[in-house]
Structure formats: C-alpha cells, structure tokens
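Residue numbers (the numbering used here), protein chains in the order written: chain H, 64 to 380; chain D, 207 to 450; chain C, 11 to 300.
C-beta: ideal position from N, C-alpha, C; glycine also.
None of these values were measured; they are calculated from a predicted model.
Below you'll find the structure, written out as structure tokens, and then a few comments.
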Amino acid sequence: MSLVKLLVLLAVAMLAALPWVVGSYLVTVMIFIFFYAYLGQAWNIVGGYAGQLSAGHAAFVGIGGYASALLSMRLGLSPWIGMWIGGVLAAALGAVIGYLGFRFGLRGFYFVLLTVAFAEICRVIALNVDAVGGALGLYITFTGNPRQFQFQDNRAYYYVALVLMLAATAVVREIERRRFGAYLTAIRQDESACEALGVDTLRVKMLAMILSSFLTGLGGTFYAYYLFSLQPNAVFGIPLSVEIVIRPIVGGAGTVMGPLLGSFILSPLAELSRTYLAQSGWTGVHLIVYGLLLIAVVLFLPQGAYPALRRLARRRA
Amino acid sequence: MSLLEVSGLRKRFGGLLAVGGLDLSMAEGEMLGLIGPNGAGKTTVFNLLSGFLVPDDGEIRFAGRLLAGLKPHEICRLGLARTFQIVRPFPQLSVLDNVKIATLARHPAMPIALEAARAVVERVGLGTRARELAGGLTLADRKRLELARALGTEPALLLLDEVMAGLNATEIDAMVHLVGAINADGVSVLLIEHNMRAVMSLSHRIVVLSFGEKIASGTPREVAADRRVIEAYLGEEYVHPAQA
Amino acid sequence: MDPTLVGQGLLSGFLFGGVYSLMAVGLTLIFGVMRVVNFAHGDMMVWGMYLAWLLSVRAGIDPYLGFVVCAGALFLLGLVIQRGFVERIVDAPHEMQILLMLGVALVLENAALVAFGPDPARVRSPLSQGTVWIGPLFVDVARLLTFGLAMVLTAALWLFLTRTELGRSMRAAADNPYGARVIGADVPRVYAAAFGVGAACVGAAGALVSPILPFQPASGLGLSVTSFNIVIIGGMGSLPGAFVGGILVSVAESMGAVFLSPSMKELVSFGLLIAILLFRPAGLFGRTAS
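Below is the structure:
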C-alpha cells in the first residue's frame, strides 16, 4: 500500500475515533467543518474544475432542504428518501441554469449574475409563498428518530457529515482520474481549443453543473435536519453561497484537497468568531476576515493554499 | 473517392464577402496548399470547414458526409482536425497532457489515451519535453504541440493554419520534414502557408485565393507561372530551387 | 386600478430613477474604462449613506450639502482600492477580478455592520418634511431635490468627460487602452481616476438617497444587483445606456410594486435581468463586453 493511501486511512481512522475522545463542542465544530467541506467539494466540480464561477449554489441547498422537509411534513416521506428527490430537483434547476448559461454563451461575470439571479428568485419565492412556509420558513419538530434523519446524539450527525465529506471527495478524486476530469481542466483553460479536439464542451459542462447541484441538493437535507429550521434568507441567500464558495477558493479551487483544507482553515475561524465575538456586537467580523482572505488569495495565492503548500513541499524536497 | 468536396462555399461578414462561391476538392492522401494574400479568406475557409463558422451558402462534403449544422467537436470526431493560426496550447498542462486531451477523443480510457499521446509526442519530436508545461515552450515547440494535438485525434484530414509562421529557417526545414512524413503516413493535409518554399515543395496541388475567390489552381509549377497569381500575390515569378 | 396610483408610481419611480442613473453611471464608467466589474458598488453606496448619516448626526450637516463630502471620501476610497488592489490584477483572468471585488464587498459590508450595527438607519433632513403638489399627484420635496441634484451631478460628469483632458483620456482608454497609451495618456492614472470618479458617483448617490429611504449594511447586495441590472440593460460601458437604464428600471420597479406585491417586484428585476442576459447581453445601447 502506498504511503499516501496509508496516510489517508490513518487520517480517516483518527477522524472516526475523534468523537469518543473530545468534547461535544469540538464535535459540533467538526460537523461544521465537514459539512461545509462537503458543500465546497460539490461546488468545486463546476466552480473549480470546470471553472464556471457560481455564486448561487445556496439555491440548491435550499431546494434540497425544502423538498425533503416538505415531503416529510406533508406526506410523511422519510427524509432518507426525500433527500434523493431533493437532490434530483436541485439538479433539475442546475440543468436549467447550466443550459441557459452555457447555450447562450454566458461566461465569467455574466454567468455569475445568472446564478445570483436564480438564487434570489428562489429566495423571494420561498419568502412569499405561504404554502412553503413563507417568511417564517419551515420548522422541523424534533423527534430524534433516525428514520426521520434525526439523531439524539451529536456524534451520529458527525458521522453522517464525515461520510458526506469523504464521499464527495472520493467522487472528485475519481473525476480527476478520468476523462471527464481531464476535459474539465482543459475546458477551463481554453474552450475553443477543446472543441477543435473533439470535446463536446456543452455536454461536459452540463454534466459538471448537474452533478454539482445534485450533490449540493443532497446537502440541503442534512442542513434541514441538523438545524431543524429552514429560513428563506438563510438557506437561499448570498451569505450561504459565500460560505460555500470561499472554502474551495481559499483552499484551492480545482484540486481535491482544496475544499477540505479551506474548510479546516476557515470553519474554525468562523465558529470562533461567532462564539466569542457575536455576543459583544461584533457580528460580521469573520466575514471581514473572509473578505480580506479572498483579497489576499487573489493577489498572492491565486491558485489557493493547497497548491502553494505543495509547491513549498516540492521545493524543500 | 474524394475525401473533401466543397462547392459554392460562401460567407459574408456584414458588408465584406470573405468567401465567395468557393469550389474545392481533395483526394485521399493528398497535400493541398492554400495560398493567397492576407485577408484572402483562407482562415475563414478553415473555420467553415471545421465548424467554427456557419456558411451562408454552399456545401461541404467530407468522406461522403455533409457537414452542415455539425459542431466543431462532431466534425473532429468524423476525422477532420485543425490547428489555429495563433496557437492555443493549454498553458497549465504539460505537453503530454495537452496531447492526451486529443487522444482521449479516440481512447476514453486514461491509460490507453496516455500511451497514444506518448507516441504522438515522440513522433513530432517533443519527447524530451513531454513533461514540460506548455506555457513555457518556445514558439517552434508550441507549433509542434499544436500539430501534435490535432494529430492526436487521429484525423483523416488535417488542416494546418500557417504552421511555419514565425519560425526560423532551420525550424521551417524541420517542420516541412515532419509535415511531409505525416502526409506520407496517409494523413491528407490542407495547408495554409505564406512560406513559398515550404508550400511549393510539400504540396501536390495548390489553390490560390484572393479576396475570397479562387483565382488559380494546379500543380505548384503551374501556379507559380500563372500570371494572375503573380499579379495578385507572388509579385514575380517564383522559381523553385530545383528548377533554377 | 386607480390611475392616480399608477401616476403616482410613475412619478415616484421616475424621480428615484435619477439616483439609480447616477449609481449606474458610476458602475458603467468603471467597467467601460478598465473592464472591471465592481462587485462592491452597492456596498460603496451604503458607505456613502452612512457617511451622510454621520455628517448629519455628528456635525449637523444636511445630506443635501454633505453629499459633496461623501463623494470626495468615496473618491479617495476608489483610488485606494484601484491602486492598491485592482491594478495588480489587471492582466489576471476575469474570475480573479470578480473574486477580488467580492472580497472588497465583504469587507465593506461587514465593516459597516461592525461600525453601525445591523438595524436600519435613516437620515432626517429638514427638507424631507415637505410635499409638493403636481396636479393630482404629490411628491416629497426631498425626492425632487434628490432627483434635481442627481441630474446636476450627472450633467457635471458628462461635462467632465467631454470637456476636460482627464475625462477625454478616460474615454480614450475606454475605447482603446493601447492606443490611449500611444497618444501619451497616463493609463494607470486614468484608471485610478476612473475608479475614483465612479466611486464618487455612487457615494453622492448614497448621500442623496439617505433622506428618502432607510438603509442598513445588508442593503449593499441589493443595490449592487440593481446596478448590474441597469448597466446590463443599458449596455455595459455605455453612459447614455446607464442613464436611461436607471430611469427605466426605477419606473419598472415602481410599477412592479403597484401592480404586484412590493416584495414580488424583485422578481420583476431578476426576471428582466435573466431575459436581457440571454437575449441581448449587449444591452440597449451597448457594444459587446469582453
């Protein structure tokens, strides 16, 4: 077994053992790290590898969460099933946005705006349609029943989040090794050249968008059944999209480890800021730090922290 | 059987008639040179053939198949590959990985595509640079890479757009040798070139374009002596070194 | 539907459009001259509003006078941002530029949050108390004044761009940066000035709006999106387009609020944006963006 594989297994084993060794607060922080690493990894497929910057990925979280919550509340459908339906619905929206964007040749800034517009439309609709909860949103009654995607013990959520993060990372790793991943990386650099080499760029980008939005939609169910509430402004809003996007960008968009590294760096930061500063009226400080980090990354480490670390390691070797 | 049949090809950009009713044909294994002054419409013809532009009128038949409405990647899959006048390597990928993108078109499995790419890279003489990033190559090597990529898609017809431009004499000789070898292996080549020595020595036949119209076609010797060609483009009678 | 209500909405929308125009003109100037999309535009405007508020509350200066200070302060901020950050990534891929300005937006918005708190603020101007009747319709004096001053500022900007050397250099750089350099324009200086002027426009717009509407740090995003809407509709880089677009969008929003519910009017804006993005991204007046 190669050294890398051994290290990975060791890391996973340590993470698996962690909840039995540390206190409940740290477990909560880790859940936060894993979950946003998961969302970031899902975004990474279309935003990092395909290079299509989406600032509206919160829409997929919202759709996934609302779908499974509503299906559970109104039809008694277990969220374990509703989760997949939510994912498919999110993927459908992703397909629409992707098709409109790619077919009409929207790149860069225009594509970003398109994604923001759709996310905001979802938010306004959720805010104003009382049938889906309106301005108050949806509240999920706590039963602690695992069949309803609810757990008494924080540690169960920990393992679910860990599995999500590992699964998404495995998916991205697999993509990177295959033709799909090679095509994505090439498309990001020069689409026309790709077309001339037989790459159906529309199809590849659509696939990336659909996969990314599907996975993000799955995450919506976790969000709903971990926080027990879905607020339109929180779950469809730009702040959540920012949280999703910033980890892979700081950590390294278009790399497997980027979103993970980014989340391990930024999530504790956000959590600390929220815990210690929010009380004394300093809400938003962690967002200032996000902003400064974003600026710093663009100016000094445009490929993100992970590639920079790798270069450093290579230089030492 | 005719590999490429173009009839009545027409393309207009606003007030400018870039290509006006062009007829062209190529046989299998042929090397056809396309020459003419700048702005004659040569690259436009390439864009029309490869699907990057939609013709206003006319028909393009490749290997018996009409190309109307097909997207560039579909045309590439059919066996018609092109290079760009201003080369477009993937700057952050190595030479090998650049070519790999091309070979993946025919070999979806990574390991096989990689092997095929290695072979093509060796073939064009970039073997020693296989792991270098494309962004750091010299112009001559980038031109080779551009050629290698198109070759990687295993085309029946290769469109080369000014592949000698910007190269010095030694590099041109090497490129001529390479293109000749590729053609000898069975790949038909349609060559846009300004370097007369290269075109005249490589091509079986030549077509001359001026202001979107074909003004002459024939063997290199015939074309070089053609009065209209001399007036429009050559300036004076071009005498091939072999004839002098 | 009561025609007076519609008329009222039209008038109100038209007058407010003056501010939208000024805001959009600033954005399109920045884009037109240096192809940078200022994602922090709305957040800069919010700072204009808060500065006006500070001047009013701490120094007793009416926003209809203080807007000059706000414009000046935002001009400096624009210079700093351009020289300090934007200039360094002039040749970088567009995604980098977008992310940079998003970072700036985050910093500005949350700095305002930390400094002023999340609750809506409002500026009281003694002039905002009066109303004036125009036929069957009435309008706040404040709105009229805001519109008037916005028009004056837009006219001043137009004069600046057509009559002064710096202004003409800006237009030259917008048309052809390389050519501008060839004829001796100091392009980096022009870029910095353009960003500064664009920021000044939005700072003034913010100050002029502050007596009319309540505002909070979170307003920044909505204003940015509205600015983009307007500029895309009018045509990226087109000053007349931004001007006309501002009035158009304001009237459309106003009508949206009259005929649909006020909260649904945002749907109108976004729907319009998507339609324009798909079918005419060059906008009404625009040339194709990069």
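Within 10 angstroms of the beta-carbon of Arg173 of chain C lie fewer than 16 other beta-carbons, which makes it exposed. For Val293 of chain D, there is no enclosing alpha helix (DSSP H), as DSSP gives it neither H nor E. Every beta strand (DSSP E) of 3 residues or more that sits fully in the region 228 to 267 of chain D is shown, in chain order, as 237 to 241. Annotated three-state conformation of Ile398 of chain D is strand, per DSSP.
The Cβ atoms of Ala203 of chain C and Leu32 of chain C do not sit closer than 8 Å to each other. Counting the other Cβ atoms within 10 Å of the Cβ of Ser248 of chain C gives 16 or more, which makes it buried.
By the C-beta density criterion, Lys68 of chain H is exposed, having fewer than 16 other C-beta atoms within 10 angstroms. Taking each of C:Ala115, C:Gly27, C:Val212, C:Gly245 in turn and checking the Cα distance to Tyr173 of chain H, the smallest one comes out for C:Gly245. Taking 7 Å as the Cβ-Cβ cut-off, the region 300 to 319 of chain D approaches chain H at Lys306, Ile307, Ala308, Leu310, Ala311, Pro314, Met316, given in chain order. Boundaries of the beta strand (DSSP E) around Leu209 of chain D: 208 to 219. Glu338 of chain D carries a coil assignment under DSSP once its states are collapsed to helix, strand and coil.
One thing to note: Ala50 of chain C has its Cβ no nearer than 8 Å to the Cβ of Val133 of chain C. Along the region 285 to 319 of chain H, the positions whose C-beta sits under 8 Å from a C-beta of chain C are Ile301, Val305, Ile312, read in chain order.
Burial of Ala252 of chain C is indicated by the presence of at least 16 other C-beta atoms within 10 angstroms of its C-beta. The region 67 to 83 of chain C makes no contact with the region 254 to 272 of chain C; the number of CB pairs closer than 8 Å stays below 3.
If you check each beta-carbon in the region 83 to 104 of chain C against every beta-carbon of chain H, the ones closer than 9 Å belong to Phe95, Arg98, Ile99, Ala102, Pro103, His104. Residue contact with chain C for Gly354 of chain H: present (Cβ-Cβ distance below 8 Å to some residue of chain C).
Remark: C-beta atoms of Gly28 of chain C and Phe157 of chain C approach each other more closely than 8 Å.
Residue burial annotation: Leu66 of chain H is exposed, with fewer than 16 other C-beta atoms found within 10 angstroms of its C-beta.
If you check the CB distance, Ala323 of chain D and Val305 of chain D come in under 8 Å.
Taking the CA atoms as reference points, Met44 of chain C sits about 10 Å from Val96 of chain C.
Taking a beta-carbon distance threshold of 8 Å, Gln298 of chain D counts as an interface residue toward chain H. When DSSP reads this structure, Ile144 of chain C sits in a beta bridge with C:Leu147. For the options C:Tyr201, C:Ile286, C:Phe280, the alpha carbon positioned closest to that of Ile188 of chain H is the one of C:Phe280. Distance check between Ser234 of chain C and each of C:Gly19, C:Gly17, C:Met54, C:Glu263 places C:Met54 closest, using alpha-carbon atoms only. Secondary structure at Leu363 of chain D: strand, using DSSP grouped into helix, strand and coil. Between the C-alpha atoms of Arg186 of chain H and Pro295 of chain H there is a straight-line separation of about 6 Å. The Cβ atoms of Ala356 of chain D and Val382 of chain D do not sit closer than 8 Å to each other.
Taken in chain order, the complete alpha helix (DSSP H) segments of 4 residues or longer contained in the region 419 to 446 of chain D are 426 to 431. At the C-beta level, Ile184 of chain H and Ser326 of chain H stay beyond 8 Å of one another. Neighbourhood of Gly261 of chain H in chain D, by CB distance below 7 Å: His279, Cys282, Arg283, Ala311, Thr359, in chain order. Note that the C-beta distance between Asn48 of chain C and Gly208 of chain C is below 8 Å.
For Arg236 of chain H, the nearest beta carbon of chain D is not closer than 8 Å to its own beta carbon. Taking a contact to require three or more Cβ pairs closer than 8 Å, the region 354 to 373 of chain D and the region 289 to 309 of chain D qualify as touching. The beta carbon of Ala158 of chain H sits closer than 6 Å to the beta carbons of Ile273 from its chain, once the five residues preceding and following it are set aside; these are given in chain order.
Note on the region 278 to 313 of chain H: whole alpha helix (DSSP H) runs with a minimum of 4 residues are 295 to 299, in chain order.
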